[in-house]
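Worksheet for the structure shown next.
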Amino acid sequence: MSVGVLLMTHEAVGQALISAAHHVMPKLPLQVEAVEVPPQADPDVMRTLTARHARALDQGEGVLVLADLYGATPCNIGLSLSSLGVRLRCVSGLNLPMLLRVLNYSDKTLDELAEIAASGGRGGIFIDKACP
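For the sequence shown, the positions run 1 to 132 when full-length UniProt numbering is used.
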């Protein structure tokens, strides 16, 4: 059994990240799905849909929710899943390095993967040296 990964994003972001991850790793070691929230979506309808995805991903080890923006509707829907009985951890600030880092540590627990996700996301940010 392993942790399921659910990307909670604004429209077109989640699937693009999954496609990019497939480019780097043709066979993803964890089950990854994306729920993309359209601008005019009803949050209650999206919550029901998202709960179905999360329950399908949960093989007994929980679900790691990776959200693109803390406080935005996709993240809030992801966070609300715990009140519906889904065992999860949520990490915001989703980027490709975060997702790839999680996929590279597929044997870790849900709590460990949450820390790995945050570390991977931060570690993937680079600022070039200013030219004189």
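Built from N, CA and C at the ideal position, the CB exists for glycine as well.
**Prompt:** Can you tell me whether DSSP reads residue 2 as helix, strand or coil?
**Reply:** On the sequence shown, position 2 is the one that residue 2 refers to. In this structure, residue 2 counts as coil in the three-state DSSP scheme.
**Request:** Kindly indicate which three-state DSSP category residue 89 falls into: helix, strand or coil?
**Result:** By 1-based counting over the sequence shown, the position of residue 89 is 89. DSSP places residue 89 in strand when its eight states are reduced to three.
**Three-state secondary structure (DSSP) of residue 64** = The residue given as residue 64 occupies position 64 in the sequence shown. Residue state, collapsed to three classes: strand.
**Message:** Pop quiz: residue 5 and residue 64 are said to be a contact at Cβ under 8 Å. What is the actual Cβ separation, rounded to whole angstroms?
**Reply:** What you label residue 5 is simply residue 5 of the sequence shown in a count that begins at 1. What you label residue 64 is simply residue 64 of the sequence shown in a count that begins at 1. Confirmed, Cβ separation roughly 5 Å.
**Request:** Figure out for me which residue from 98, 39 and 59 has the closest Cα to the Cα of residue 125.
**Result:** As a working note, residue 125 is residue 125 in the sequence shown. Nearest option by C-alpha distance: 98.
**Asked** What is the residue span of the alpha helix (DSSP H) that residue 21 lies within?
**Response** Indexing the sequence shown from 1 puts residue 21 at position 21. Here the alpha helix (DSSP H) through residue 21 covers 13-24.
**the stretch 11-29 / the stretch 46-54 touching (three or more Cβ pairs under 8 Å)** = no
**Prompt:** Which term fits residue 62, buried or exposed, when burial requires 16 or more other beta carbons within 10 angstroms of its beta carbon?
**Reply:** Here residue 62 is taken as the residue at index 62 of the sequence shown, counted from 1. Residue 62 should be labelled buried.
**Prompt:** residue 114 lies in the alpha helix (DSSP H); which residues open and close that run?
**Reply:** On the sequence shown, residue 114 is found 114 positions in, with the first residue counted as 1. 110-123 is the span of the alpha helix (DSSP H), which, as asked, contains residue 114.
**Asked** Any idea what DSSP makes of residue 49, helix, strand or coil?
**Response** Within the sequence shown, the letter at position 49 stands for residue 49. Helix, per DSSP.
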